[in-house]
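Chemist: Chains as they are written, first to last, in this note's numbering: chain A, 1 to 313; chain B, 1001 to 1313.
Take this structure first; my questions come after.
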């Protein structure tokens, strides 16, 4: 574990020299990082906590997985806006007794994902933690001016799509909580390429990442767009590990932290079944009425926002 | 205290509508905030923790003071680069039993400072804290391309200056720790206007903010610039509350969290005694040799970096 800010800076320098660059001119070593934003782009900023015992447990997940998920949260928000991630900033507080090997492996996981998306870890802060590992990731990205995908553009008649499969994180959490498995690493892949494709093709009318759970995130889109929705249960792509459980559909609907994209597109737009190798599935349609319904076994029932609610869960 | 992300968002919306705007087009309500960076500017990013029992104590400081200091840390980093702050992002984890009034007053302090510098609180994250109040502030600013003040430009012969007075935070901390006073609010003012003036006039050869203590922050400048320095003890502007203690000089040299600016300028440049109402004091000179010395009562002794060291103090 770093013993001083200087050592952490040296540590970050050493570790981040591996991550391939990205328009960062200066950074660690000055009071701020300087990041070039391309001409006619605007900046995107997102910050996400990863707190021990709230978002992860060291006894359930490997350090690499915790590092990966810490950055994945931020990258996924950039993906949902159709943006290009440019730099990441990590505030990391560690308990005094954290083994150096744990820290190294946390950075291994975080920097492997950063390298994959050509994002530089350009700065951050450190402290000794008063309790548990505390991380907060900031990701700075950019998007051509006025082109960001928003939550507010869904219109009645639009089709609703999701990337990948849902419920894997929730299924793992349930098995771990019940003591049925001891450790499981789920490594969500932020859908940067799909978000960018949707933005470049001007296809999506709205988008969000599924961090709180499909039901809650769909509710966010409907609220911001002033519309309703109907979802077909049979169409939802449920991850095999959730499908293996009796209530896989509930996990796919309400389990959070899948980091897939949920987006809408006008009926006239043809959406391929895969974009850059990532499966795209149509799961429903936007309606005029301000409620969200689930079609299941021929019956329609209201779909409540039962995903992750910060503070209340 | 907010009961859910939605409520926190509503809370932030309500609270931030008071803060005067700043180029933020969208923000809270989407996955990322969108921030316009002026033409031919580059982005500045800084992140800073404010953790209970590490950076503050609720029993020693008012909620307003804690909120003020949380944002002041980030703004001060932007000031040190000569930048203009554009938007702030707050990740805030609160223990379940935090009174609503505490949270409200924390925001009062933070938003009052934000308003003063026309910075919008444009987003953030929330969580329930596993222990203590945990805050992490990100400030996004901008600076004309290639014009940022860096730590690396000091040259032998340059004069060394500080803004304001030093040692107030350290003096308060000492009195609080010793139980000689029960509460004290120290409200450092980020030197945004001075930093901007130095950058616009192209006067400073290097700059840093005094967050870790004069001795340590001067050491940072010397290290990054590959130079040494001589400081005159009698010239250091010591805050009255530090001067009232027997070792006021030590507090001014090594006490952190003053958030004044330390900068260097070529001998040929005339530096006024005040910039925008803020006192500027010459305290020494940059030397060729790679050591830092203190001239005190006619004697020269090495000045060690004895300010705040993260993790070790």
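Every residue, glycine too, gets a C-beta built ideally from N, C-alpha and C.
For residue 259 of chain A, does the count of other Cβ atoms within 10 angstroms reach 16, so buried, or fall short, so exposed?
Modeler: Looking at its Cβ environment, which holds 16 or more other Cβ atoms inside 10 Å, residue 259 of chain A is buried.
Chemist: In this structure, how does DSSP classify residue 41 of chain A when only helix, strand and coil are distinguished?
Modeler: strand
Chemist: Give a yes or no on whether 9 Å exceeds the smallest Cβ distance from residue 151 of chain A to chain B.
Modeler: Using beta-carbon distances, residue 151 of chain A counts as an interface residue toward chain B, with a partner under 9 Å.
Chemist: Ignore the nearest five residues each way along the sequence and tell me which others in residue 1171 of chain B's own chain have a CB closer than 8 Å to its CB.
Modeler: 1239, 1241, 1242, 1244, 1245, 1248, 1251 and 1255
Chemist: Cutting at 6 Å between CB atoms, please list the residues of its own chain near residue 1157 of chain B, excluding the five before and the five after it.
Modeler: 1267
Chemist: Using C-beta distances below 7 Å, list every residue in its chain close to residue 1072 of chain B, excluding the 5 sequence neighbours before and after it, in chain order.
Modeler: The residues are 1113, 1188, 1190 and 1259.
Chemist: Quick one: is residue 1055 of chain B near chain A, going by C-beta distance under 9 Å?
Modeler: yes
Chemist: Please state if the CB of residue 1262 of chain B and the CB of residue 1221 of chain B are separated by a distance shorter than 9 Å.
Modeler: yes
Chemist: Could you tell me whether any Cβ in chain B is nearer than 9 Å to the Cβ of residue 89 of chain A?
Modeler: Chain B places a beta carbon closer than 9 Å to that of residue 89 of chain A, counting this residue as a contact.
Chemist: For the region 120-134 of chain A, list every residue whose C-beta sits within 9 Å of some C-beta in chain B, in sequence order.
Modeler: If the cut-off is 9 Å between Cβ atoms, the region 120-134 of chain A has 122, 123, 124, 125, 126, 127, 128, 129, 130, 131, 132 and 134 near chain B.
Chemist: Exposed or buried, residue 1217 of chain B, counting other C-beta atoms within 10 Å across all chains shown (16 or more means buried)?
Modeler: It counts as buried.
Chemist: With residue 128 of chain A as the anchor, note down where its beta strand (DSSP E) starts and where it stops.
Modeler: 120-128
Chemist: Run through the DSSP bridge pairs and tell me what residue 1228 of chain B is partnered with.
Modeler: B/1287
Chemist: Please confirm whether residue 997 of chain B has its beta-carbon closer than 9 Å to some beta-carbon of chain A.
Modeler: Residue 997 of chain B falls outside the range modelled here, since chain B spans only 1001 to 1313, and no answer is possible.
Chemist: For residue 1208 of chain B and residue 1144 of chain B, what's the separation of their Cα atoms in angstroms?
Modeler: 18 Å
Chemist: Could you check where the alpha helix (DSSP H) with residue 58 of chain A kicks off and where it finishes?
Modeler: Run containing residue 58 of chain A: none; DSSP gives neither H nor E here.
Chemist: Where does residue 75 of chain A sit, in a helix, a strand or coil, going by DSSP?
Modeler: helix
Chemist: Would residue 1140 of chain B and residue 1035 of chain B qualify as a contact pair, given that the criterion is a beta-carbon distance under 9 Å?
Modeler: yes
Chemist: Just to confirm, are residue 227 of chain A and residue 281 of chain A a CB contact at a threshold of 9 Å?
Modeler: no
Chemist: Along the chain, where does the beta strand (DSSP E) containing residue 193 of chain A start, and where does it finish?
Modeler: It is not in any beta strand (DSSP E) - residue 193 of chain A instead sits in the alpha helix (DSSP H) that spans 192-200.
Chemist: Is residue 186 of chain A near residue 257 of chain A, with beta carbons less than 9 Å apart?
Modeler: The answer is yes: Cβ separation under 9 Å.
Chemist: Using a Cβ-Cβ cutoff of 7 Å, what residues of the region 1091-1111 of chain B are near chain A? List them in chain order.
Modeler: 1091 and 1093
Chemist: Please confirm if the region 1083-1099 of chain B is in contact with the region 38-50 of chain A, defined as three or more CB-CB distances below 8 Å between the two stretches.
Modeler: yes
Chemist: Candidates B/1138, B/1098, B/1069 and B/1134: which alpha carbon is nearest residue 31 of chain A's?
Modeler: B/1138
Chemist: Please state whether the Cβ-Cβ distance between residue 133 of chain A and residue 193 of chain A is less than 9 Å.
Modeler: No, Cβ-Cβ distance for residue 133 of chain A and residue 193 of chain A is not below 9 Å.
Chemist: Grab me the residues of residue 1147 of chain B's own chain with a C-beta within less than 6 Å of its C-beta, minus the 5 sequence neighbours each way, in chain order.
Modeler: Around residue 1147 of chain B: 1199.
Chemist: Is there a Cβ of chain A sitting closer than 9 Å to that of residue 1046 of chain B, yes or no?
Modeler: yes
Chemist: Please classify residue 1120 of chain B as buried or exposed, where buried requires at least 16 other C-beta atoms within 10 Å of its C-beta.
Modeler: buried
Chemist: Judging by CA-CA distance, which residue of A/299, A/52, A/275 and A/265 is the nearest neighbour of residue 130 of chain A?
Modeler: A/52
Chemist: In the structure shown, what three-state DSSP assignment does residue 1141 of chain B receive?
Modeler: strand
Chemist: Mapping DSSP to helix, strand and coil, what is residue 1099 of chain B?
Modeler: The three-state secondary structure of residue 1099 of chain B, taken from DSSP, is coil.
Chemist: Within 10 Å of its beta-carbon, does residue 1099 of chain B have 16 or more other beta-carbons around it, so buried, or fewer, so exposed?
Modeler: exposed
Chemist: Which class does residue 237 of chain A belong to by DSSP, given the choice of helix, strand or coil?
Modeler: Residue 237 of chain A falls in the coil class under three-state DSSP.
Chemist: Whole angstroms are fine: how far does the CA of residue 1102 of chain B sit from the CA of residue 1060 of chain B?
Modeler: 14 Å
Chemist: Can you tell me whether residue 1125 of chain B is buried or exposed, with buried defined as 16 or more other CB within 10 angstroms of its CB?
Modeler: With at least 16 other beta carbons inside 10 angstroms of its own, residue 1125 of chain B counts as buried.
Chemist: 9 Å is my cut-off, CB to CB: does residue 36 of chain A come that close to chain B?
Modeler: yes
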